[in-house]
Ligand SMILES: [Fe+2]
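Numbering (the numbering used here), first residue to last: 70 to 339.
Okay, here's the thing in structure tokens:
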């Protein structure tokens, strides 16, 4: 079976360094959070300086630039009448009393990081981004240089990847720049692995695997980005390749305050 839901830690440890995306639940979802209604999140994020915006519709998404100026000052209804996507880079900034993500660090980020540590993982960076996708929007086809735990919080999305990612993007090409990341034209339905995700669904998206995500309706979600994720000191195969190719660790200088070492130091002090 290609569609897979990983529900035990033992299975997660067997699956995290594979290539085919999977859903996560039960033991592998050691947190929950009561988010405010998505409208309230949209209205808050559209006012935030650090929010970036994406315009465009399905398959025609201006994914590369920041279109936030188009959306500033727009009401929720106006936004819903256009094609909008919002990205907010660090959920913990809005974790303050009375704000939309109050309590997130304690209720979500710390349990997740604690879970990883408890089971032998370390990382160079790990943080949570927020993402809102308006109706009939899509991400472009792309690969990420991080392992991503994709948490679809509210609304319906379709997360597309491949049944055999290595056939379409072998290791040697996986690490090319965004310009080289173009959806192959000769795809058939059987080549694509699509997960329909609904409220409160978690999906593990492997580093450097091609994917694109459709949002037929308004959705809100959280992405946990992991750089330099190691189990018992070992990177996943593709990230090891990335390090070998670059000749250095691309993660160390990137949000070092979110590393497992810093997390452990803080935990030891409390
Ligand atoms: Fe992605």
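We put the CB at the ideal spot given by N, CA and C, even for glycine. In this text the structure is predicted, and so the values were computed from the model without any measurement.
Measuring CB to CB, does residue 231 end up less than 9 Å from residue 261?
In this structure, residue 261 lies closer than 9 Å to residue 231 by Cβ.
Can you have a look at residue 279 and say buried or exposed, based on whether 16 or more other CB atoms are within 10 angstroms of its CB?
Here residue 279 is buried, its C-beta having at least 16 other C-beta atoms within 10 Å.
Can you tell which of 90, 275 and 228 has its C-alpha closest to the C-alpha of residue 285?
Measuring from the Cα of residue 285, the nearest candidate turns out to be 228.
Given 8 Å as the limit, tell me if residue 211 has its C-beta closer than that to any heavy atom belonging to ligand 1.
Yes, since a heavy atom of ligand 1 falls inside the 8 Å radius drawn around the Cβ of residue 211.
Whole angstroms are fine: how far does the CA of residue 214 sit from the CA of residue 36?
Since the first and last residues shown for the chain are 70 and 339, residue 36 lies out of range.
Following a CB-centred definition, is residue 77 positioned closer than 8 Å to any heavy atom of ligand 1?
Checking the Cβ of residue 77 against ligand 1 gives no.
Go through its chain and collect everything with a Cβ distance to residue 180's Cβ below 6 Å, but skip five positions before and after it.
Excluding positions up to five away in sequence, the list reads 99 and 100.
Complete alpha helix (DSSP H) runs within the segment 109-175 (minimum length 4 residues, chain order):
Here the runs fully enclosed are 137-140 and 145-149.
Could you check how far apart the C-beta atoms of residue 193 and residue 316 are, in whole angstroms? I think they sit under 8 Å.
Rounded, the Cβ-Cβ distance is 16 Å, inconsistent with contact.
What does a CB cutoff of less than 8 Å around residue 174 pick up in its chain, not counting 5 residues either side in sequence?
Contacts found: 161 and 164.
Have a look at residue 147 and residue 111 and give me their C-alpha separation to the nearest angstrom.
Their backbone Cα atoms lie some 12 Å apart in a straight line.
I'd like to know whether the C-beta atoms of residue 94 and residue 75 end up nearer to each other than 9 Å.
Between residue 94 and residue 75, the C-beta gap is smaller than 9 Å, which places the two residues in contact.
In or out: residue 247 buried (at least 16 other Cβ within 10 Å) or exposed?
That one is exposed.
How far does the beta strand (DSSP E) with residue 194 in it reach, from first residue to last?
Run containing residue 194: 194-202, per the beta strand (DSSP E) assignment.
What span of residues does the beta strand (DSSP E) with residue 288 cover, start to end?
288-296 is the span of the beta strand (DSSP E), which, as asked, contains residue 288.
If you drop the 5 nearest sequence neighbours on each side, which residues of the same chain put their C-beta closer than 6 Å to that of residue 195?
Correct list, in chain order: 295 and 327.
Go to residue 178, then tell me how far its beta strand (DSSP E) extends in each direction, as first and last residue.
That residue, residue 178, is in no beta strand (DSSP E); it is neither H nor E in DSSP.
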